[in-house]
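Student: There's a structure below that I have some questions on.
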Amino acid sequence: MARCAIRSYDADSGGLDELCDRIVAVLVPDREQTTDDAALLVIRTRGTAAGDVVTYDLPDDPKAAGQARAEVRHPLAA
């Protein structure tokens, strides 16, 4: 569903804040009912090859934030 929100996003008419709002609305539909914290990083790129795109599935665990930082540290440094 989040991928649909991204694909339907018009980069020419909307800013990254709008895109983040759309993604969060899909992933956390009851935001008012949760106390969980979340972080979403969205960047605008041009011509990214499929091999340069990375996704991570993280557990529903408080330690996942540290795991996410460890996972992205190496690819971002490259």
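So that you can map any letter, position 77 of the sequence shown is 77 in the working numbering, and since no number is skipped, the others follow by simple counting.
Cβ atoms here follow ideal geometry from the backbone N, Cα and C, with glycine treated the same way.
Here the structure is a predicted model, which means the values were calculated and not measured.
1. Taking the C-alpha atoms as reference points, what is the distance between ARG22 and GLN67?
2. Since LEU40 and VAL54 should fall inside the 8 Å C-beta cutoff, what is the C-beta to C-beta distance between them, to a whole number of angstroms?
3. Grouping DSSP H, G and I as helix and E and B as strand, with all else coil, what is LEU58?
4. Just confirm the distance between the C-beta atoms of THR34 and VAL28, as a whole number of angstroms; I'd bet it's less than 8 Å.
5. Got a sec? Which residues, its chain only, sit under 7 Å from LEU16 by beta carbon, not counting five neighbours each side?
6. Hey, ALA50 and LEU58: beta-carbon distance below 8 Å or not?
7. Which two residues bound the contiguous alpha helix (DSSP H) that contains TYR38?
8. Tell me the DSSP secondary structure of VAL28 in three-state form.
Tutor: A quick look at the data gives this:
1. One C-alpha to the other measures close to 25 Å.
2. The Cβ separation is near 15 Å, so there is no contact.
3. coil
4. 6 Å
5. VAL42, ARG44
6. no
7. Sequence inspection shows Ala at residue 38; the Tyr mentioned does not correspond to that position. Membership of ALA38 in any alpha helix (DSSP H) is not indicated, and neither H nor E is assigned to it by DSSP.
8. It is coil, neither helix nor strand.
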